[in-house]
Amino acid sequence: MDAQEIRALIEIFERSSLTELTLERGGARLTLRREGGRAPTPASTPAHPITAPSVPAQPGTTPASTATDGHVITSPLVGTFYRRPAPTEPPYVEIGDRVEKGDTVCIIEAMKVMNEIKADSAGIVEKILVEDGKPVEYGQPLMVVRPTS
1 MDAQEIRALI EIFERSSLTE LTLERGGARL TLRREGGRAP TPASTPAHPI TAPSVPAQPG
61 TTPASTATDG HVITSPLVGT FYRRPAPTEP PYVEIGDRVE KGDTVCIIEA MKVMNEIKAD
121 SAGIVEKILV EDGKPVEYGQ PLMVVRPTS
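Residue numbers for the sequence shown follow the UniProt record's numbering, so the first one is 1 and each next one is one higher.
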């Protein structure tokens, strides 16, 4: 584990609901433990040790360039954005595609783990805001989905 991997892991841990995380790799062992201060938020599903739960977009945090009537899907963690499950596969979604709540819309790779990002509302994909293979930050807008009635 290098310093960059450890920093990324700490960021993911801080934004997750986990109270403890232990990672062993190549003879090195890292344990992160949350104490006192901040009570963890219970996850609705069991969390994978190095993934963060999806966090809805916070009002006022979406850049003006993505302001729209649509719902913004944001990155729940720091990593690399991928539109497709494998280089030879078609993208999960294209502009104009209809998605249902729970559909996988992209992948964020963090610490060599592929984290599927799910649509948290149904609608039509209006914009894809990140290029395939580009790094993303926590909370960064990824896509805009226009709700359907």
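Heads up, the beta-carbon is just placed ideally off N, CA and C, and yes, glycines get one too.
| query | result |
| --- | --- |
| Opposing strand residues paired with F13 [DSSP bridges] | Looking at the DSSP assignment, F13 forms no beta bridge with any residue, so it has no partner. |
| CA-to-CA distance, K127 to R98, given in whole angstroms | 12 Å |
| Residue interval of the beta strand (DSSP E) (run including V145) | P141 to P147 |
| Separation of E14 from V93, as counted between CA atoms | 30 Å |
| Beta-ladder partner(s) of E109, from DSSP | T80 and M114 |
| For G123, the first and last residue of its enclosing beta strand (DSSP E) | G123 to I128 |
| Spatial distance of A8 from P141 (CA atoms) | 19 Å |
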